[in-house]
Amino acid sequence: MMKKKSIPASKPFLILFLCQIISALDVPLDSKLLEELSQPPTITHQSPKDYIVDPRENIVIQCEAKGKPPPSFSWTRNGTHFDIDKDEQVTMKPNSGTLVINIMNGRKAEAYEGVYQCTARNERGAAISNNIVIRPSRSPLWTKEKLEPNQVREGDSLVLHCRPPVGLPPPIIFWMDNAFQRLPQSERVSQGLNGDLYFSNVQPEDTREDYICYARFNHTQTIQQKQPISVKVFSMDSLNDTIAANLSDTDIYGAKPVTERQPVLLTPTGSTSTKVELRGNVLLLECIAAGLPTPVIRWIKEGGELPANRTFFENFKKTLKIIDVSEADSGNYRCIARNTLGSVDHVISVTVKAAPYWITAPRNLVLSPGEDGTLICRANGNPKPSISWLANGVPIAIAPEDPSRKVDGDTIIFSHVQERSSAVYQCNASNEYGYLLANAFVNVLAEPPRILTPANKLYQVIADSPALLDCAYFGSPKPEIEWFKGVKGSILRGNEYVFHDNGTLEIPVAQKDSTGTYTCVARNELGKIQNEVHLEIKDPTMIIKQPEYKVVQRYGQVSFECIIKHDSTLLPTVIWLKDNDELPDDERFLVGKDNLTIMNVTDKDDGTYTCIVNTTLDSVSASAVLTVVAAPPTPAIIYARPNPPFDLELTGQLERSIQLSWIPGEENNSPITHFIIEYEDGLHEPGVWHYQTEVPGTQTTVQLKLSPYVNYSFRVIAVNKIGRSQPSEPSEQYLTKSASPDENPANVQGIGSEPDNLVITWESLKGFQSNGPGLQYKVSWRQKDVDDEWTSVIVANVSKYIVSGTPTFVPYEIKVQALNDLGYAPEPSEVIGHSGEDLPMVAPGNVQVHVINSTLAKVHWDPVPLKSVRGHLQGYKVYYWKVQSLSRRSRRHVEKKILTFRGNKTFGMLPGLEPYSSYKLNVRVVNGKGEGPASPDKVFKTPEGVPSSPSFLKITNPTLDSLTLEWGSPTHPNGVLTSYILKFQPINNTHELGPLVEIRIPANESSLILKNLNYSTRYKFYFNAQTSVGSGSQITEEAVTIMDEGKMAGILHPAVGAGKGYSEILFATSPVMHTVRPTFYKVQPLYPRIRNVTTAAAETYANISWEYEGPEHANFYVEYGVAGSKEDWKKEIVNGSRSFFVLKGLTPGTAYKVRVGAEGLSGFRSSEDVFETGPAMASRQVDIATQGWFIGLMCAVALLILILLIVCFIRRNKGGKYPVKEKEDAHADPEIQPMKEDDGTFGEYRSLESDAEDHKPLKKGSRTPSDRTVKKEDSDDSLVDYGEGVNGQFNEDGSFIGQYSGKKEKEPAEGNESSEAPSPVNAMNSFV
């Protein structure tokens, strides 16, 4: 009877399976087979479900799939077909479904928000991707708020609120000081999970004015900064001193000392709270307490233990972190804050929910016609997910009917399938926390048998071990497998064989007679195929003499034997181990063919020694223990170098060998490790001793190889660990007989030095290599590939011979043979040389120049004929030089440049050209002799480029309302200048930039008078030149119109910030650029309020407006809800500091309540107002847009809104940018140092408000040359203290804006009216 069983998965040579399903075909992972079989589509790669994209970069939505035939792709967006052909910004990658949405041409990423789904389809079905939700990341600006200094008594608690802007994804929060150093945190001071900074109790050292909260938006690579927060701690000692200074000696005074307090929780509040977390996420629980002394936090889980290996404590044990949470982690967690005065606790009830997760995901099903199968889709979650099925992307309820298919809940049952039953099925498991979508295809195949195991594969097995012969196969229906032995053998049966389901034949105990050829036959109703494999049985490897237990005295010698027997066709390797590790790297351990010897044994050599014998088929080992014992006590040992050997004797003299023996000298308590034998050639080099060989220290006789015609003397040197002995006395001399040379000269070469000669060189033989007297050389040569006889000459013992009268650069066959008085050396080998080179004769032809851009050109030429090179072709040289500049028409000194292109190259690139210039070039071929003639000069011209910056910009003659500008043309115009572009904008006393004005000036002008300017106003100018290609780099300058002296004396200027919650008192300053910032006072108004809330409601929206009195930088929000409803108020954030807002998405005919609030003002809100939206319009109602009264009303509203926008714009331009404080002593945190752009990390800071090179006023203390001239390298008023030559800017709310990139700046901005941070153009390093 035949047995069948499955091969264990641990055996590495078994075939892997593509799919493994009940009652289905197994398709082996054979690449050729998979390419030939039809297969429904399979999604191989797709973008994540929640895909947050960078709004500054192109959007790439991944969708890759495979199938046979290759699938086609289509997309839906928000549930409807997405026709990419109708949107020129959207393209699909070739042979892929990946979409690329180009937003670099001015389109907004927000326009492509939505839910996308990809479908991959071929003739056997359709697979679908997950719903991919595309959302652009957002990094809004910090809300405006007025921060009051915090004055706190020593020992009290304090919370500094961060309140970062809400971004997508949320920002990372950290606290630093003005020097960009992290604020130290401890058990007393720490940052909470919400970003706030908590002080359990304040100390005098907490006093400082630069507590700064930073928000880092990783996705857009921006960092924003909150305004610095000031904290002043009043200590009791200073308070007592103040009281004492104001009281007499008889008065009793004294403030109460710092009072210790028991713990009070700062967060969370109350005694209990709840927390919901999803399975697999990280659970973070937090408790921060106030108290003096500082409380210590402890965590426990009620009714259980905190999970081991998944629980971590962070933030000085104030945060409990449990990773990879599961439903078992639900329960009550108690935090206890304790100090010496008492304790307080808080219980957090944690509930762990779960998005769907797979228990059994559906797997691909490959069936034969008429077979049955099932698809199973089982998922779990909390709450329990619902299961729904789709077929080829369509809900199965409305999909085309298939009589072989039956849906039973989470299972689809297939009965008696046919080829038309092939399809892709989708299983969707979803609950309120998410969904899972899996594609699984049903592929019905009818295929004849195929055998995938290579033909005539050889298997080698050790006797008495199992033999596994593979027969990997495929067919549909599943083929039957039979095995035969021999060409005409009968089918194999019986208990001595095991037949596995995957076709493998197993011989459990292979014997010598199992050797032979085995045939595997696979057949089904569509055909039959067979394959032969071969089996060889090898003898096992054995250790016939194993190492034995040894006991040896310290400093003695020990040897272990390991003699093996193995199959003659296998090559064994022997490895010795000590205590299952490699042998020490010590020369005392000598590994022989059959043994291991340890010299000078020490205590550390004690252990187990193992001999391991490996072949390609088996491995055996044997071990023995070495025990080291102490030697008998001995007197103090003196170690020294050995004495020299003596009594040298030469015996067994032969023509080419001799035996040398000696007697070793005293070892001097250090064993001799080896002997060095040296020789002297008294005939050729008397007095010079040469190294001959060396032998182990246990050997005192050596057989030495000799050379003919040498008068030998030998001496021996003994070596031990201490050093080398003195040489022994020389042996008697022995003169060997002469003989003809054994070898010929080496390194024979033939290189011509002149066009008509051939110089043959070689390395002469050394004296003892001559083997006899009269050493000479026979030099032979003949021209290669010509039927000539060898020409020979015999020369004396030299190393060079010159052959004259040769043709120029032709190959020669050369050989040099040694000879002496007794005969010739063996026939030498031939080498190829060349006669001398001459200069090339022909110049390269057909030289063509292709100008790529204004600084780069490509030159082509035809190669010269090799015969005309007359030497070794080394390459081509291109000479090129600038003839003249096309813009200036002036010639200059010609400086030729040379580029060399190695080898037979016929083109090259010419970099570093100057734009708009005329060039000439020629090409020459180069060989070892030199350069050939030049090709005719080729003239080419480079196109125009953008100009360099104007050479200077000088502003003179300031008057009340005018300034005179003078400039110099660019040093490198790089073309014909078409015009100059001048941009300028005013700067108010708070360093805010006003509207930007642009003027285009003819290229032939060099000065300009600007009139109708405001008196006593600072202006900033940006100036650059243009060619037809574009604008060049710009330079900047600032200047001030002079003051009206008649109006200045004793007159107080109106406040720049009037109406913004404070007033400014300015002192008169000089009209020139001042170095002292004007003094001003900001007065906080009392009783901030929001009043006169009015509404104008339409059918689905309402305009809300209000009046505000209070501090500047208030950040407003609007709350609204259905009137009379108990639902929570809905909240909308107002963009910027506007005093109006539009509520959208309202229900027609509904009464709403509304109120307006300002964040950061202790929860201040306005009174409520009630309004009602208009009723829904009837479908047949007259269109009011055509009514005259409605048109008039809309015109009035539009005029009113225009007036409001103008007022807001004027007020906004009076706002300010806070100038960056100069850093005289930059002790920056190493983590925020700028890095180079080329390593892909962070770079310098630049202005966010403007992409221009410099768009902000000069910093305090800036200096300008007296002639008002700004050159390109001088126009740098950037924040150099924040990086390496960098620009930086603080936004009007004090936030620092930067980005990790190094993009080129563009145009100056005219304002910033959005709460959304604009795309920054340069970077600030990550701080955390």
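Using our numbering, read the sequence shown as starting at 16 and increasing by one per residue.
All C-beta atoms in this analysis are idealised placements derived from N, C-alpha and C, irrespective of residue type, glycine included.
* To do: Run the proximity test for E744: is its beta-carbon closer than 7 Å to any non-hydrogen atom belonging to the ligand MN?
  => Here there are no bound small molecules, and the ligand MN is not part of this structure.
* What's the gap between the Cα of K608 and the Cα of T534? -> 42 Å
* For R139, count neighbouring C-beta atoms within 10 Å of its own C-beta (all shown protein chains included) and say buried if the count is 16 or more, exposed if not. => buried
* Taking V884 as part of the alpha helix (DSSP H), name the residues at either end of that continuous run. => L881 to V884
* Is W1204 helix, strand or coil when you go by DSSP? -> helix
* To do: Can you tell me which of the three DSSP states P410 falls into?
  => strand
* **Where I1225 falls: helix, strand or coil (DSSP)** => helix
* **Contacting residues, own chain, Cβ-Cβ under 6 Å from H581 (five flanking each side not counted)** => T556 and P587
* Asked: Got a sec, what are the start and stop residues for the beta strand (DSSP E) T806 sits in?
  -> T806 to V810
* How would you label G923, buried or exposed, when you count the other beta carbons within 10 angstroms and need 16 or more for buried? -> buried
* Beta-carbon gap between S529 and L550 smaller than 8 Å -> yes
* If you check the beta carbons only, do L928 and T957 fall under 8 Å apart? -> yes
* Integer-rounded CB distance, given that P243 should sit under 8 Å from N193 -> 7 Å
* Asked: Any idea if Y792 is buried or exposed, counting beta-carbon neighbours within 10 angstroms, 16 or more meaning buried?
  -> buried
* What are the boundary residues of the beta strand (DSSP E) that includes R465? -> E462 to I466
* **Bounding residues of the beta strand (DSSP E) (the contiguous stretch that carries A230)** => R223 to F232
* To do: Determine the closest residue to V628 out of L611, I188, I579 and I653, with distance taken between C-alpha atoms.
  => I579
* Grouping DSSP H, G and I as helix and E and B as strand, with all else coil, what is D600? -> coil
* **Completely contained beta strand (DSSP E) runs for the segment 506 to 574, where each covers 3 or more residues** => 513 to 515, 520 to 522, 531 to 539, 542 to 553, 557 to 560 and 565 to 568
* Residue environment, M614, which counts as buried when at least 16 other CB atoms sit within 10 Å -> buried
* **Where I1225 falls, given that 16 or more other Cβ within 10 Å makes a residue buried** => exposed
* To do: Report, in whole angstroms, the separation of the C-beta atoms of S172 and A305, which I expect to be a contact under 8 Å.
  => 3 Å
* Asked: Can you name the residues that DSSP bridges to E1147?
  -> V1133
* Should the segment 696 to 705 be called in touch with the segment 667 to 676, which here means at least 3 C-beta pairs below 8 Å? -> no
* So, is Q668 buried or exposed, given that buried needs 16 or more other C-beta atoms within 10 angstroms? -> exposed
* Asked: Between V874 and V884, which are expected to be in contact by the criterion C-beta below 8 Å, what is the C-beta distance as a whole number of angstroms?
  -> Actually they do not touch by this definition, with Cβ atoms about 20 Å apart.
* To do: Quick one: measure Cβ to Cβ for T617 and R569, integer angstroms, because I've assumed they're closer than 8 Å.
  => 6 Å
* Asked: How about Q54 and N546: are their beta carbons less than 8 Å apart?
  -> no
* Given that a residue counts as buried once 16 or more other Cβ atoms are within 10 Å of its Cβ, and exposed if not, what is Y488? -> buried
* Same chain, Cβ closer than 8 Å to G285, neighbours up to 5 away in sequence not counted -> H361
* Asked: Straight-line CA distance for R349 to Y127?
  -> 47 Å
* **Nearest candidate by alpha-carbon position, reference Y995, set I1024, P965, N1003 and S902** => P965
* For D601, count neighbouring C-beta atoms within 10 Å of its own C-beta (all shown protein chains included) and say buried if the count is 16 or more, exposed if not. => exposed
* Asked: Mapping DSSP to helix, strand and coil, what is K503?
  -> coil
* Does the separation of the CB atoms of N330 and S205 fall below 8 Å? -> yes
* Asked: When the distance is taken between beta carbons, is S746 closer than 8 Å to S728?
  -> yes
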